[in-house]
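In my numbering, the protein residues as written are -15 to 251.
C-beta atoms are modelled at their ideal positions from N, C-alpha and C, and glycine is treated no differently.
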Ligand SMILES: Cc1cc2nc3c(=O)[nH]c(=O)nc-3n(C[C@H](O)[C@H](O)[C@H](O)COP(=O)(O)OP(=O)(O)OC[C@H]3O[C@@H](n4cnc5c(N)ncnc54)[C@H](O)[C@@H]3O)c2cc1C
């Protein structure tokens, strides 16, 4: 039996996100939110491990209450339990404070063997959280894993493959471990409608809401005061205007094209 914990972030669907140039912030109001895409792969990995080796899948999210919707989707996919970490004092957290808060909540769950994160989010994309949680808990962590090769339940040793540029690396580690996965490592299953209904009408049975009082966290390591990162300025990347000229082929035109490309400093 293995206990898996999956970190899930409820993020604005960035395809819809608009930027406020005056304030330099993302306009989140009225934007559809979704489960961060690789976190669906993380849930799928946890569920497949459970099916093969037995165990329990916890899903955890630090977010304002709107993330409840995402946690219900995770329950409908097959997760056993979800925890929403929500408290005004968690607000303003950078990745370090986020990871610390998540790590303290995972510690509070008690028993954990495999902690699974997405490789990065689509709204902040630092890829910090998985490795930071591993460091804070003082356990092994391996990012960008491709697949689990074997888990020996007696010795509690896991073997896994990690994707690298020109091949794969094989790792062996004692549990517990933190791993992160990207989109494409598996095909996340669809939520089951009947489980979705149960998550909706029996929310308390499946989803616990935790605040600061539910975890043992040091006040100066959470929220804004626990965040050493300061955002000095946010700028929208300028959009590049494409230019087009159509030439009829001839040697002269070819020379002209080369000349033009040189003028534009493309060649
Ligand atoms: C100074 C500062 C202040 C900030 N204040 C806020 C704020 O008030 N509100 C706000 O929403 N954001 C805030 N952010 C952004 C926030 O810190 C990051 O979104 C968060 O730390 C996660 O980083 P990331 O998205 O880069 O995650 P990554 O490291 O890219 O995420 C990797 C994986 O970690 C997991 N994960 C990430 N975040 C969470 C989470 N919250 N819960 C569960 N699992 C998670 C997911 O599995 C994800 O795929 C702030 C950032 C800075 C620098």
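* Asked: Less than 7 Å between the CB of residue 231 and some heavy atom of ligand 1, yes or no?
  -> no
* **Cβ neighbour criterion (16 or more within 10 Å) applied to residue 221** => exposed
* **Beta-carbon gap between residue 30 and residue 41 smaller than 8 Å** => yes
* To do: With a threshold of 7 Å, establish whether the CB of residue 206 neighbours any heavy atom of ligand 1.
  => no
* To do: With distances taken Cα to Cα, identify the nearest neighbour of residue 132 among 162, 90 and 115.
  => 162
* Asked: Does the separation of the CB atoms of residue 77 and residue 210 fall below 8 Å?
  -> yes
* Asked: Is it the case that the CB of residue 22 approaches a heavy atom of ligand 1 more closely than 7 Å?
  -> yes
* Asked: How about residue 60: is its Cβ closer than 7 Å to a heavy atom in ligand 1?
  -> no
* Would you check whether ligand 1 has a heavy atom nearer than 7 Å to the C-beta of residue 70? => no
* Can you say whether residue 164 is buried or exposed, counting buried as having 16 or more other CB atoms within 10 angstroms of its CB? => buried
* Of all the options 4, -3 and -5, which has the alpha carbon lying nearest to the alpha carbon of residue 217? -> 4
* Asked: Closest by CA to residue 177, which one among 58, 47 and 44?
  -> 58
* Figure out for me which residue from 228, 26, 156 and 86 has the closest Cα to the Cα of residue 139. => 156
* Asked: Using DSSP with H/G/I as helix, E/B as strand and the rest coil, what is residue 198?
  -> helix
* Using only the heavy atoms of ligand 1, determine whether one of them is closer than 7 Å to the beta carbon of residue 107. => yes
* First and last residue of the alpha helix (DSSP H) that includes residue 189? -> 187 to 190
* Bounding residues of the alpha helix (DSSP H) (the contiguous stretch that carries residue 120) -> 113 to 121
* To do: Check residue 127 in the structure and name its three-state DSSP category.
  => coil
* Asked: When the distance is taken between beta carbons, is residue 206 closer than 8 Å to residue 73?
  -> yes
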